[in-house]
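Novice: Here my numbering is used: the first residue of the sequence shown is 5, the next is one more, and so on.
Okay, here's the structure, questions in a sec.
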Amino acid sequence: MIRGSWKALAWIGIAELCALSLWFSASVIAPELVQVWNLGSNSEAWLSASVPIGFVIGAFVSSYFGIADRFNPRKVLALSAFLGALLNFTLVLVDHAFFGIALRIFTGVSLAGVYPTAVKILSQWFPKNRGLAIGILIAALTLGSSLPHFIVMFFSSLNWQLVIICSSILALLAAIIVNWILEDSPVTTKKVPFSFKLIKKVVSNKPVMLANYGYFGHMWELYAMWTWIPIFLTASFTSYSPGVSPWFIALSSFITIGIAGGIGCVVGGLVSDKIGRANLTIISMLISAICCILIGFTFGQSIWLTLILSIIWGMSVISDSAQFSAAVSEVADVEYVGTALTFQMCIGFLITIFSINLIPIIQSVVGWEWVFACLAIGPVLGIASMVQYKRHEKNNVKVLYSKS
Numbered sequence: 005m006i007r008g009s010w011k012a013l014a015w016i017g018i019a020e021l022c023a024l025s026l027w028f029s030a031s032v033i034a035p036e037l038v039q040v041w042n043l044g045s046n047s048e049a050w051l052s053a054s055v056p057i058g059f060v061i062g063a064f065v066s067s068y069f070g071i072a073d074r075f076n077p078r079k080v081l082a083l084s085a086f087l088g089a090l091l092n093f094t095l096v097l098v099d100h101a102f103f104g105i106a107l108r109i110f111t112g113v114s115l116a117g118v119y120p121t122a123v124k125i126l127s128q129w130f131p132k133n134r135g136l137a138i139g140i141l142i143a144a145l146t147l148g149s150s151l152p153h154f155i156v157m158f159f160s161s162l163n164w165q166l167v168i169i170c171s172s173i174l175a176l177l178a179a180i181i182v183n184w185i186l187e188d189s190p191v192t193t194k195k196v197p198f199s200f201k202l203i204k205k206v207v208s209n210k211p212v213m214l215a216n217y218g219y220f221g222h223m224w225e226l227y228a229m230w231t232w233i234p235i236f237l238t239a240s241f242t243s244y245s246p247g248v249s250p251w252f253i254a255l256s257s258f259i260t261i262g263i264a265g266g267i268g269c270v271v272g273g274l275v276s277d278k279i280g281r282a283n284l285t286i287i288s289m290l291i292s293a294i295c296c297i298l299i300g301f302t303f304g305q306s307i308w309l310t311l312i313l314s315i316i317w318g319m320s321v322i323s324d325s326a327q328f329s330a331a332v333s334e335v336a337d338v339e340y341v342g343t344a345l346t347f348q349m350c351i352g353f354l355i356t357i358f359s360i361n362l363i364p365i366i367q368s369v370v371g372w373e374w375v376f377a378c379l380a381i382g383p384v385l386g387i388a389s390m391v392q393y394k395r396h397e398k399n400n401v402k403v404l405y406s407k408s
């Protein structure tokens, strides 16, 4: 392990936590934005999908040109966080839906330079045993994504702009940390010239693609769950107890997505380094698939029953996320690790756009009781892929062991 790696992990984790607060900063104040921007039903759907769309665009461009492999990844991350902060802050000056949604799309583009790049940097600091390290990083991402739910507990009743301003300040802090405090890893890969062969090499690497297929199934479920579980909790809690406090609902959403998810990531990282990436992802996706099916049966039932199951789902739905990235960083050749990770996330987040927007359509037909069952398709297919990946993982471990 490289000296100073845990210090670097701490700074990267804090930066990721702060920067990813941009992701749901507008989603949690959507009711206010609907009124301010006079959003119709179609425009509201675009608001939900805008950041994932931007992320996919940014990840595709980054992957296409190999940005994470050609330039200093620390500088890429710092610049991306700064631009994201600036774009997000500009929302407070906008009073038209078109410009607001456009800004959210560009914010998503900027985040494509934050998340995959942070994983690339971490893979340099942790050449081995990176499961826990990336697990901690994804825990920071999870907490960061849920931070707007925490912020809204205090500021929504005062002014929706404060939620935007707070998340922008956090992203700016992330840029400062990465640019002026975080050091470059002593282990760096050579800057490779742009080549169309980079993506071709990723696609032709069977173990990488098996890990990717597992990740794609995982992503079908993850962001749809993160986007709609707060709305589900609101509907379920108010159905059971109409006088339930909005503050308690916001707290429940933060605990489900942020606290439970963060714990799941760290535990998943610890366990995966012991039992293997494939085994951990299979177990996590099995539990989350079961939760997809069961959570609907708690609708309108005891608040604590619904909350407990949502917390279990919140832990399992993200506990495997870091291990797909870790798997790719381990089986991909060093020359295109950054491109491979960005490609993985590009396709993964493209899938989330469909699942996020599918939930309200299905909900209008079958209701909250059955709507999340459709998300179980993702982890089931992901399990099938990771069972195949397991054979390659065993061979890779043998190679690493013979070299050590």
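Built from N, CA and C at the ideal position, the CB exists for glycine as well.
1) Gly218 and Leu141 look like a contact to me (Cβ under 8 Å); what is the Cβ gap, rounded to whole Å?
2) Enumerate in chain order the residues of its own chain whose CB-to-CB distance from Ile57 is below 8 Å, with the five nearest sequence positions on each side excluded.
3) Give the straight-line distance between the Cα atoms of Leu26 and Ser172, rounded to the nearest whole angstrom.
4) Among the residues of its own chain, which have a CB less than 6 Å from the CB of Phe258, if the five just before and after it don't count?
5) Please classify Leu379 as buried or exposed, where buried requires at least 16 neighbouring CB atoms within 10 angstroms.
6) I need the straight-line Cα distance from Lys210 to Ala264, nearest angstrom please.
7) Compare the C-alpha of Lys394 against each of Ser320, Leu226, Val332 and Ile316 and name the closest.
8) What does the alpha-carbon distance come out to for the pair Glu20 and Ser368?
9) Go to Pro234, then tell me how far its alpha helix (DSSP H) extends in each direction, as first and last residue.
10) Of all the alpha helix (DSSP H) runs that stay within the bounds of the segment 79-165, which reach a length of 4 or more residues?
11) Is it the case that the segment 300-318 contacts the segment 344-352, given that we only count it when at least three CB pairs across the two stretches are under 8 Å?
12) Counting along the chain, where does the alpha helix (DSSP H) carrying Asp73 start and finish?
13) Once you ignore the five residues that flank Ile366 on each side, which residues in its own chain have a CB closer than 7 Å to its CB?
14) Report yes if the C-beta distance between Ala326 and Gly139 is below 7 Å; otherwise report no.
15) Between the Cα of Val213 and those of Ile355, Gly70, Ile33 and Met390, spot the shortest distance and give me the residue it belongs to.
16) Tell me where the alpha helix (DSSP H) around Glu339 begins and ends.
17) Which residue marks the beginning of the alpha helix (DSSP H) containing Glu20, and which one marks its end?
18) Whole angstroms is fine: what's the gap from Trp10's alpha carbon to Gly135's?
19) Helix, strand or coil: how does DSSP classify Asn283 here?
20) Can you check which of these residues, Ala215, Ala178 and Asn76, is closest to Gly352 by C-alpha distance?
21) Would you mind reading off the limits of the alpha helix (DSSP H) that contains Ser31?
22) Go ahead and pull the three-state DSSP assignment for Trp374.
23) Could you check the C-alpha separation between Phe198 and Glu339 for me, to the nearest Å?
24) Alpha helix (DSSP H) containing Pro250: first to last residue?
25) Out of Ser288, Gly8, Ile360 and Met223, which one is the CA nearest neighbour of Glu48?
26) Whole angstroms are fine: how far does the CA of Trp224 sit from the CA of Pro412?
27) Give me, in chain order, the residues of the same chain whose beta-carbon lies closer than 8 Å to that of Asp337; leave out the 5 immediate sequence neighbours on both sides.
28) Considering only C-alpha positions, which residue in the set Ile286, Ala228, Trp308 and Val270 is nearest to Leu362?
29) Let me check understanding here. Comparing Cα to Cα, which of Gly382, Leu176 and Gly44 lies closest to Ser292?
30) Looking at the secondary structure, which residues open and close the alpha helix (DSSP H) in which Gly318 lies?
31) Is Leu284 closer than 7 Å to Gly272 when the C-beta atoms are compared?
32) Between Ser329 and Val38, is the Cβ-Cβ spacing less than 7 Å?
33) Among Ile253, Ser306, Phe241 and Leu354, which has the Cα closest to the Cα of Val32?
34) Can the beta-carbon of Pro77 be found closer than 7 Å to that of Ile125?
35) Would you tell me roughly how many angstroms separate the C-alpha atoms of Val270 and Ile297, rounded to the nearest one?
Specialist: Looking at the atomic coordinates:
1) Taking the first residue of the sequence shown as position 1, residue 218 is located at position 214. Taking the first residue of the sequence shown as position 1, residue 141 is located at position 137. Not confirmed; about 19 Å, so no contact.
2) Here the question's residue 57 lines up with position 53 in the sequence shown. Shown here for Ile57: same chain residues with a beta carbon closer than 8 Å to its own, the five before and five after excluded, namely Ile109, Gly112 and Ile357 in chain order.
3) Walking along the sequence shown from the start, residue 26 turns up at place 22. Walking along the sequence shown from the start, residue 172 turns up at place 168. For Leu26 and Ser172, the gap between their C-alpha atoms comes out near 7 Å.
4) Here the question's residue 258 lines up with position 254 in the sequence shown. Closer than 6 Å at the Cβ level, and outside the excluded window around Phe258, lie Ser150, His153 and Phe154.
5) Residue numbering aside, residue 379 sits at position 375 when the sequence shown is read from its first letter. It counts as buried.
6) Along the sequence shown, read from residue 1 onward, the residue named residue 210 stands at position 206. Along the sequence shown, read from residue 1 onward, the residue named residue 264 stands at position 260. Between the C-alpha atoms of Lys210 and Ala264 there is a straight-line separation of about 33 Å.
7) Here the question's residue 394 lines up with position 390 in the sequence shown. Comparing alpha carbon positions, the residue from Ser320, Leu226, Val332 and Ile316 closest to Lys394 is Val332.
8) Here residue 20 is taken as the residue at index 16 of the sequence shown, counted from 1. Here residue 368 is taken as the residue at index 364 of the sequence shown, counted from 1. It is roughly 36 Å from the alpha-carbon of Glu20 to the alpha-carbon of Ser368.
9) Counting from 1 along the sequence shown, the entry for residue 234 is found at position 230. Residues Lys210 to Tyr244.
10) Every alpha helix (DSSP H) stretch that sits fully inside the segment 79-165 and reaches 4 residues is listed by chain position as 101-115, 119-129 and 134-159.
11) The segment 344-352, when compared against the segment 300-318, does not touch it at the 8 Å Cβ threshold.
12) Here residue 73 refers to the residue found at position 69 of the sequence shown. That run of the alpha helix (DSSP H) goes Ile71 to Arg74.
13) In the sequence shown, counting from the first residue as 1, residue 366 sits at position 362. Within the same chain, Val375 and Cys378 come within 7 Å of Ile366 by CB-CB distance, once the 5 residues on both sides are set aside.
14) Stepping through the sequence shown from its first residue, residue 326 is reached at position 322. Stepping through the sequence shown from its first residue, residue 139 is reached at position 135. Between Ala326 and Gly139, the C-beta spacing is below 7 Å.
15) On the sequence shown, residue 213 is found 209 positions in, with the first residue counted as 1. According to the sequence provided, residue 213 is Met. The question's Val does not apply to it. Of the residues Ile355, Gly70, Ile33 and Met390, the one whose Cα lies closest to the Cα of Met213 is Met390.
16) As a position in the sequence shown, residue 339 is number 335, starting the count at 1. No alpha helix (DSSP H) contains Glu339, which DSSP labels as neither H nor E.
17) Taking the first residue of the sequence shown as 1, we reach residue 20 at position 16. Ser9 to Ala23 is the span of the alpha helix (DSSP H), which, as asked, contains Glu20.
18) Position 6 of the sequence shown, counted from the first residue, corresponds to residue 10. Position 131 of the sequence shown, counted from the first residue, corresponds to residue 135. Between Trp10 and Gly135, the alpha-carbon positions lie close to 13 Å from each other.
19) Along the sequence shown, read from residue 1 onward, the residue named residue 283 stands at position 279. In the structure shown, Asn283 sits in a helix (DSSP, three-state: H, G or I).
20) Along the sequence shown, read from residue 1 onward, the residue named residue 352 stands at position 348. Closest by alpha carbon: Ala215.
21) Translated into the one-based positions of the sequence shown, residue 31 becomes position 27. Careful: Ser31 lies outside any alpha helix (DSSP H) and carries neither H nor E.
22) Reading the sequence shown from its first residue, position 370 is the one you call residue 374. Note: Trp374 maps to coil in three-state DSSP.
23) As a working mapping, residue 198 is identified with position 194 in the sequence shown. As a working mapping, residue 339 is identified with position 335 in the sequence shown. A caution first: Phe198 carries a pLDDT of 47, below 50, which makes its placement in the model unreliable, though a value can still be read off. CA-CA distance, Phe198 to Glu339, rounds to 11 Å.
24) Numbered from 1 along the sequence shown, position 246 holds the residue referred to as residue 250. Pro250 -> alpha helix (DSSP H) spans Pro250 to Phe258.
25) For this step, residue 48 is matched to residue 44 along the sequence shown. Of Ser288, Gly8, Ile360 and Met223, the smallest CA-CA separation from Glu48 is found for Ile360.
26) The question about residue 412 has no answer here: the residues shown for the chain are numbered 5 through 408.
27) Taking the sequence shown and counting its residues from 1, one reaches residue 337 at position 333. For Asp337, where only same-chain residues beyond five positions count, the Cβ hits under 8 Å are Lys205 and Asn209.
28) As a first step, residue 362 is located in the sequence shown; it is residue number 358 there, counting from the start. From the listed residues Ile286, Ala228, Trp308 and Val270, the smallest Cα separation to Leu362 is found for Ala228.
29) Looking up residue 292 in the sequence shown gives position 288. The residue with the shortest Cα to Cα distance from Ser292 is Gly382.
30) Counting from one through the sequence shown, the residue named residue 318 turns up at place 314. Ile307 to Ser320 is the span of the alpha helix (DSSP H), which, as asked, contains Gly318.
31) In the sequence shown, the residue the question calls residue 272 occupies position 268. In the sequence shown, the residue the question calls residue 284 occupies position 280. The Cβ atoms of Gly272 and Leu284 sit closer than 7 Å to each other.
32) Numbered from its first residue, the sequence shown carries residue 329 at position 325. Numbered from its first residue, the sequence shown carries residue 38 at position 34. Cβ atoms of Ser329 and Val38: not closer than 7 Å.
33) Here residue 32 is taken as the residue at index 28 of the sequence shown, counted from 1. Nearest C-alpha to Val32: Ile253.
34) Taking the sequence shown and counting its residues from 1, one reaches residue 77 at position 73. Taking the sequence shown and counting its residues from 1, one reaches residue 125 at position 121. For Pro77 and Ile125, yes; Cβs fall inside 7 Å.
35) To locate residue 270, count along the sequence shown from 1; it is residue 266. To locate residue 297, count along the sequence shown from 1; it is residue 293. For Val270 and Ile297, the distance between alpha carbons rounds to 25 Å.
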